[in-house]
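Contents: one structure, followed by commentary.
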Amino acid sequence: MKAIRDSYADTLVELANEYDFYVMDADLAKATKTITFKKAFPDRFIEMGIAEANMYGYAAGIATCGMPVFASTFSAFAAGRAYDQIRNSIAYPHNHVIIAATHGGILVGGDGGSHQCLEDIALMRAIPEMTVLCPCDDAETRACVKAALLHDGPVYLRLGRSEVPSLFEHVAFEIGKGNVLRDGKDVAIIAVGEVVYRAAKAAEFLAGEGVEAAVISMASIKPIDQEMIRYYAQKTGHVLTVEDHNVQGGLGGAVSEVLARCCPTPMAMLGSQDRFGRSGDPEELAKLYGIDPQSIADSAMRLLDR
Amino acid sequence: MPTMEEIRQLKATALQLRRDALTALYHAGSGHPGGAMSMTEILTVLYFKEMNIRPEQPDWADRDRFVLSKGHACPTYYAALARRGYFDVEVLNTLRKADSILQGHPDMGKTPGVDMSTGSLGQGLSAAAGMALYAKKQGKDFRVYCILGDGECAEGQIWEAAMSAAHFGLNNLVAFLDANHLQIDGRVDDVMNIYPMDEKFRAFGWTVLETDGHSIPQLIHAVELAKCSDKPVFILCHTTKGKGVSFMEDRADWHGAAVTKDVLDRAMAELDGKERV
Chain A
-12 MKAIRDSYAD TLVELANEYD FYVMDADLAK ATKTITFKKA FPDRFIEMGI AEANMYGYAA
48 GIATCGMPVF ASTFSAFAAG RAYDQIRNSI AYPHNHVIIA ATHGGILVGG DGGSHQCLED
108 IALMRAIPEM TVLCPCDDAE TRACVKAALL HDGPVYLRLG RSEVPSLFEH VAFEIGKGNV
168 LRDGKDVAII AVGEVVYRAA KAAEFLAGEG VEAAVISMAS IKPIDQEMIR YYAQKTGHVL
228 TVEDHNVQGG LGGAVSEVLA RCCPTPMAML GSQDRFGRSG DPEELAKLYG IDPQSIADSA
288 MRLLDR
Chain B
168 MPTMEEIRQL KATALQLRRD ALTALYHAGS GHPGGAMSMT EILTVLYFKE MNIRPEQPDW
228 ADRDRFVLSK GHACPTYYAA LARRGYFDVE VLNTLRKADS ILQGHPDMGK TPGVDMSTGS
288 LGQGLSAAAG MALYAKKQGK DFRVYCILGD GECAEGQIWE AAMSAAHFGL NNLVAFLDAN
348 HLQIDGRVDD VMNIYPMDEK FRAFGWTVLE TDGHSIPQLI HAVELAKCSD KPVFILCHTT
408 KGKGVSFMED RADWHGAAVT KDVLDRAMAE LDGKERV
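Printed below as a string of structure tokens:
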């Protein structure tokens, strides 16, 4: 078990030996884990204080000089508070800034709805030419962080807070490609981030009921893997999306946009059903919002009308 | 010290930038003349006297940088870039047209010489400070200049940037305030009073200088003085919106009014008259 935010920080330290870049934070280095990088490379870490708009402006200015920047804070204060700076100073001029945001979604737990950003994927996905990534485990996170660094242009990287099991031993991650965790012919469960392992558990429950569920980690939310979505929609005839995010504009929205264009397929979308989050134990909240393994399995059964 | 001849030439350049900008605005059919006119001398001093740049190599890594935080005032900025040789002067009259390299607000991806895209007010100083911090961390000695509008200083991000630039000791950063005291809805004092700006920036830890923003010798003196500061430098430039065209001067209406043929003819006649004096 390892938290995705820790995988992020460890990867930054590894990459720093080979590549030149800066890391910034807005007084949340202990929570986003960029403190790990700060300890290893103090001269390449920039503390910006509690001023996210200014941080993303600085990041853009540094990036214009040819230096990539990872700028971290919580999702709500990146995609939310600094939306206009990300749009106008980073994305529109195509500056190579990686907006690496932790604490998205209800799995944040106790901090409650103010901090549980349920719309960051939607906001970032709607910005033209923005790349949006959300990895599910250690291996995928390592691959995503490296891909974001080598990518030419802005990237929004959504990073989970809680500990998750390793799902992939090795990931040949590519922006625009999904990763198949489990093959299946009855239903395709497409998930992102910390809920992917819950979807994998759901698939085990479903196997016990004689249902073969495919499980896909769609870490590359934008550009999304249209070919893979089409393939599994046609193969299984049933698509279930799972995300710790509002289904409106999130992964559910993104997958349905693909299916509506290529092959309309019965779908169910799990995640926040247009409701804000609340304080609570993450596992308890997962059940309340229907993204725990049992709820995912139950939804799949309903989708299959069994 | 600049020679009299040098100052005479810089004044002529400022006049030319005004003519170029108004002509471009006439061809565009829309845009922002008032704030473009008020910062003309600041641009002239930066691009034709002070900045260490290579127009034939716009992305030269060690160049001085410029960020126009009040991006809407770009017509005189584009004129300065064209007259400095970044692109052909004829291109100025494609301003705001589809397929033009000259967008309604500065776009670093489209226009050679533009160091940062701006337009959403209040963001330029943070980017400029980021460039200055990069220079410090990399041991490079390039300088970064930024022009702020006074109206845009109502944006909170300006003050986040001001605080952080002093915190990082960015004495390679110079911010000019184009203090023309007018914004779209009226006088800055009435819309949202941001003054006194000298006291505010001093309190934020900057060196504060004050000058006539239309006096080329005074501006040169201020920019030279700024090089001796151990803190970021704020130059409060007293300016007149619409400067150079009598019927545009100190009138909020000319923030974003179209330059028609009649307006252009009258304005050019005035500017031509100034040249003969």
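Chains as they are written, first to last, in the numbering used here: chain A, -12 to 293; chain B, 168 to 444. Glycine included, each C-beta is placed from N, C-alpha and C at the ideal position.
Query                                                                                                                   : Result
Element boundaries [alpha helix (DSSP H), containing residue 241(A)]                                                    : 238 to 249
First through last residue of the beta strand (DSSP E) which encompasses residue 209(A)                                 : 207 to 209
Reduced DSSP category for residue 360(B) - H, G, I as helix; E, B as strand; rest coil                                  : coil
Cβ-based burial, residue 117(A) [other Cβ within 10 Å; buried from 16]                                                  : buried
Chain B contacts made by the stretch 80 to 92 of chain A, where a contact means CB separation under 8 Å                 : 80, 81
Cβ-based burial, residue 260(A) [other Cβ within 10 Å; buried from 16]                                                  : exposed
Three-state secondary structure assigned by DSSP to residue 38(A)                                                       : coil
Beta carbon of residue 218(B) nearer than 8 Å to that of residue 51(A)                                                  : no
For residue 167(A): DSSP bridge partner residues                                                                        : 203(A)
When 85(A), 209(A), 202(A), 175(A) are compared against residue 224(A), the one with the closest alpha-carbon           : 175(A)
Chain C within 8 Å of residue 297(B), Cβ atoms only                                                                     : Annotation note: the requested chain C is absent from the structure, which comprises protein chains A and B.
Cβ pair residue 212(B), residue 387(B) closer than 8 Å                                                                  : yes
Of the residues 344(B), 234(B), 436(B), 196(B), the one placed nearest residue 400(B), counting alpha carbons only      : 344(B)
Members of the stretch 60 to 77 of chain A near chain B, C-beta cut-off 9 Å                                             : 71, 72, 74, 75, 76
8 Å Cβ cutoff met for residue 62(A) and residue 87(A)                                                                   : no
Beta-carbon gap between residue 294(A) and residue 124(A) smaller than 8 Å                                              : Not covered by the structure: residue 294(A). The range shown for chain A is -12 to 293.
Local conformation of residue 379(B) per DSSP, three classes                                                            : strand
Chain-ordered residues of the stretch 240 to 271 of chain B with a beta carbon less than 9 Å from chain A               : none
Bridge partners - residue 118(A), DSSP secondary structure assignment                                                   : 142(A)
Cβ neighbour criterion (16 or more within 10 Å) applied to residue 280(A)                                               : buried
Cutoff 8 Å: residue 290(B) Cβ touching any chain A Cβ                                                                   : yes
Coarse secondary structure for residue 338(B), derived from DSSP in three states                                        : coil
Where residue 353(B) falls: helix, strand or coil (DSSP)                                                                : strand
Residues of the stretch 95 to 123 of chain A whose Cβ lies closer than 8 Å to any Cβ of chain B, in chain order         : none
Straight-line gap, residue 253(B) to residue 246(A) (C-alpha atoms, nearest Å)                                          : 47 Å
Other residues of its chain near residue 252(A): CB distance less than 6 Å, five sequence neighbours each side excluded : 220, 226, 246
Closer than 7 Å at the beta carbon, the chain B residues around residue 52(A)                                           : 298, 301
Under 8 Å between C-beta atoms of residue 44(A) and residue 284(B)                                                      : no
Neighbour-count burial assignment, residue 109(A), 16 or more Cβ in a 10 Å radius                                       : buried
Where residue 285(B) sits in the DSSP three-state scheme                                                                : coil
Span of the alpha helix (DSSP H), counted from its first residue to its last, around residue -3(A)                      : -9 to 3
Secondary structure of residue 404(B), DSSP reduced to three states                                                     : strand
Cβ neighbour criterion (16 or more within 10 Å) applied to residue 37(A)                                                : exposed
Residues from the stretch 218 to 234 of chain B in contact with chain A, defined by Cβ distance under 9 Å               : 226, 228, 232, 234
Environment of residue 181(A) [buried if 16+ CB atoms lie within 10 Å]                                                  : buried
Straight-line Cα distance separating residue 105(A) from residue 228(A)                                                 : 15 Å
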